[in-house]
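Anchor point for the sequence shown: position 139 equals 131 in this note's numbering, and the numbering is continuous, going up by one each time.
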Amino acid sequence: MDLMDFAGQRFEHNLQKFSHGGSQTCRMMGLDADQAWHLFETQLRLKNTRQGKCYKDWLVARSAGEDAVSAMESGASLIMRDVVRDYLCAEAGDPRNRSLDAPIETGPDGDRAVSMLDLLPAGPDPADEVVWLELEKTASILAERFFNQLDWRSRTALLARDRQFALSDPVVLDMVGCAKSMLSRIYHKALYALAEQVQLFQPDETASRKAELSVRVFSHLLILLNCWGRVEMRCAVFFKE
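Following this line, the structure appears as structure tokens:
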């Protein structure tokens, strides 16, 4: 599939998703692949990310990674989403609506007039969304890998805390068959091991990035633990209402 075909398909997909007029509106407002590509290319050249980087330069920079095709495709899909939204606003907006770009009042010194768009919070930036999606994907992979490495006691300790059970609870201690001091060591050892895996996976990342990834990995891990616990008969006590 060439880039023009890709642009045409993503444009049609987003048009069906965001159009409120149903299939009839989509047929009336549908564009040929070359027209969709023209709008996409215009967005690439004229619009910038919140960091001020041209979308074309941002998209090209993404191709420097190992999975260049996937990175380019995900970034282009998010940009095309914004293209379709702008297209629908321009071509199918209610005539009674007031444009967000319409001036409200001019500044005291004759400066550029303030518009509604200036007063609204910024919308999602495709560049930011791609970073978030990549973070979630990495976190999901690491969480599954770590979950498979945990033994039964470690899983139970982590699940117990997530289900609001104290590690000193007699029910929990009886379940795992060890003293509370040992269970506490098992619990904290698992947390340290998780942090270490994140460190080894991204040794060159900043501390804040590692911390953010650790939080996301732990969130995904808790989901896996709860799914496991619900089918593990010995953990049924954690899910009693």
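Virtual Cβ for every residue (Gly too), placed ideally from N, Cα, C.
Only a predicted model underlies this, so the values are computations on that prediction, with no experimental measurement involved.
Beyond the five residues adjoining it in sequence on each side, residue 229 comes within less than 7 Å, by CB distance, of 163 in the same chain, given in chain order. With a threshold of 16 other beta carbon atoms within 10 Å, residue 146 meets it and is buried. Scanning 209, 76, 182 for the CA closest to the CA of residue 194 turns up 209.
In this structure, residue 6 and residue 76 form a Cβ contact; the two beta carbons are roughly 4 Å apart against a cut-off of 8 Å.
Annotation: residue 26 to residue 65 spans about 18 Å, alpha carbon to alpha carbon. With contacts defined as CB atoms closer than 8 Å, residue 176 and residue 159 qualify as a contacting pair. In the three-state scheme derived from DSSP, where H, G and I count as helix and E and B as strand, residue 227 is classed as helix. A direct Cα-to-Cα measurement between residue 28 and residue 62 gives close to 21 Å. Counting C-beta atoms within 10 angstroms of its own C-beta, residue 225 has fewer than 16 neighbours from the protein chains shown and is therefore classed as exposed. Secondary structure note for residue 152: its alpha helix (DSSP H) is the uninterrupted segment 144 to 154.
Here the alpha carbons of residue 37 and residue 49 stand approximately 9 Å from one another. Between the beta-carbon of residue 216 and that of residue 154 there is about 11 Å, and that puts the pair past the 8 Å contact cut. A Cβ-Cβ contact shorter than 8 Å links residue 212 with residue 135.
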